[in-house]
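1549 is the number that the working numbering gives to position 445 of the sequence shown; each next residue is one higher, with no gaps.
Note sheet for the following structure.
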Amino acid sequence: MELWTVLLILLLSLVMLVYVGVRLLTYNHDLFKKLAIDSPPTSIFGHFHVGVKFGVFQTQVEMYSQYKYKKVFGWFNFTIPAIVVCDLDLVKAVAVVHFNKFVNRSATIEYEPPFRDILLNLKGEHWKRVRSIVSPTFTSGRIKKMATHVERNVKNLLEYLRQKQESGEEIELKETSGQFALDVIASIAFGLKVDSLKDPKNKFAVEAGKVVKPNLLLVPLFLLFPRLRGLFSRLGLSIMAKKPMAYLVETLDAAIEERKRDGTEGHINDFLDLMMIAEKENDTKEREPLTRSEIHAQSLIFIFAGLESMSTVMSFTLFLLAAHPDCRQRAQDELDEILGDQTPDYETVQGLHYLEMCINEAMRMVPPGFVLDRKCVESTDIDGVHFPKDMIVMIPVYAIHHDPDLWPDPHTFMPERFTEENKRSRHPYAFLPFGQGPRNCIGMRLAMLELKLTLATILQHFTPVTSAKTVYPFKLYKFIPRAVDGTWVKIVARK
């Protein structure tokens, strides 16, 4: 065969491969036209190029502003279509009114146990069973018992801040908050006592840090070819780091067996303890008890869903208070009036209404869960919008939180937005820090308690102020709710 013939065959093969590849990536790009839903122009990678160019936060705001009067718009995450809901009444319909039609979250990636069994990933009846067993662990009485673990770790944090204050060192709040939040998680969810502020390279901190970092080389592959995720799993391709995950599972098993052996089960009052109690209580009922993998998973959710969220809210609340001395002073005046010299505890922090307003305003400006998602399990029509079965539905929380029609001057820190009067005047779905409906954040009450306890104790002893390294207004990274220039402050001891 002559050379030119070989080259021609190779060229035609290449053209055919490109054609097939493009067809695979764009086969459904006419979907939203068929559904009579407006959508921005697509590339062969859907709208991925828009997010890469502008970042998730700017993209959310611009797309939401362009389409919010249309109620919804269409979006492609690579090849995966999603209906983005802008209308708040429609948000309520999806999250609450028609919840049974949107009971699941989207699952574009297939995980292995135990991560597969965390509440965020569970579907249908499986989710309902586990949620109903886990929910009683977050009652007021049981949260109050878990508060002692937060209080113990706050003492370590105070000592750390005192050392920084005495040395005059500046503090990067996100890093400090992350180390503190991890220690609280280790105590509440894993039965460990660690001090990551003093020893940031302790075994638990190192392994937990590895397990929350997915394999970034595999993520695009899983997103580009979602239909092949079963094959990827059989080939042993995993997004989650296996060895660190195994370490965390072994740590949980060791704690469970030690408590059973020593007879301390039911007396430690942490989340793992309460899960073991829930397992026993449900074993006598008709409902199937939790499996060991499900117990592992619900403790792991503290790391995957709680660590970044808690450290983000804690750091930005303190940072925004440092940048707004009048708000900080009002929060401290409230503390002095209600607590005096009394150490904050579960009961006393319930009356810190202005501090809670500051926390809420920080979560409005920088929501850790900046997008919510659901998956339509049954084709349905709501308010003139058709949601096909298996369609992913996205709620752009960050954009809603920065809508000037809902939040005038949205980039300004104004805790007074959350007075009772102002809350009554606003659409109840304009603020979505923990989601809404039956699939909202199951740990939100514990999270708010931890935030109020920690922030109240810090502000009772110290005053965060701006420093030479402080950059305000802040700018977020493109894809994560973290300040590009850090959240730097100095700590001053209160007189």
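Glycine is no exception: its CB is placed at the ideal position from the N, C-alpha and C atoms.
- The region 1589-1599 makes no contact with the region 1482-1495, as fewer than three CB pairs between them are under 8 Å.
- With the rule of 3 Cβ pairs closer than 8 Å, the region 1422-1438 counts as touching the region 1566-1579.
- In the three-state reduction of the DSSP assignment, Arg1478 falls in the strand class.
- A Cβ-Cβ contact shorter than 7 Å links Ala1199 with Gln1540.
- Distance from the Cα of Tyr1502 is smallest, within the candidate group Ser1415, Gln1162, Tyr1171, for Gln1162.
- In the displayed model, Thr1109 falls within a helix according to three-state DSSP.
- Within the model, the alpha-carbon separation for Val1201 versus Leu1555 is close to 31 Å.
- In the same chain as Gly1155, and ignoring 5 residues on each side of it, the C-beta atoms closer than 7 Å to its own belong to Thr1163, in chain order.
- About 18 Å separates the CB atoms of Glu1398 and Val1207; that is not less than 8 Å, and the two are not in contact.
- Per DSSP, the unbroken alpha helix (DSSP H) holding Pro1348 starts and ends at 1346-1366.
- Listed as beta-bridge partners of Thr1252 by DSSP are no residues whatsoever.
- By the neighbour-count criterion, in which a residue is buried when 16 or more other Cβ atoms sit within 10 angstroms of its Cβ, Phe1284 is buried.
- The straight-line gap separating the alpha-carbon atoms of Trp1231 and Ile1381 is approximately 19 Å.
- About 7 Å separates the Cβ atoms of Phe1294 and Leu1376, confirming a contact at the 8 Å cut-off.
- Bridge pairing for Lys1594: Val1569 [DSSP].
- By the beta-carbon neighbour count (other beta carbons within 10 angstroms, threshold 16), Ala1312 is buried.
- By the 16-neighbour rule on beta-carbons within 10 angstroms, Trp1108 is exposed.
- Nearest Cα to Leu1224 within the set Cys1545, Asp1134, Met1498, Ile1562: Cys1545.
- In the displayed model, Val1489 falls within a strand according to three-state DSSP.
- With respect to the C-alpha of Pro1348, the residue from Leu1378, Ile1372, Ile1407 having the closest C-alpha is Ile1407.
- For the set Pro1218, Gly1178, Ile1562, the Cα lying nearest the Cα of Lys1346 is the one of Pro1218.
- Ile1289 is not a Cβ neighbour of Met1250, given a cutoff of 7 Å.
- Nearest Cα to Arg1468 within the set Cys1480, Lys1278, Glu1520: Glu1520.
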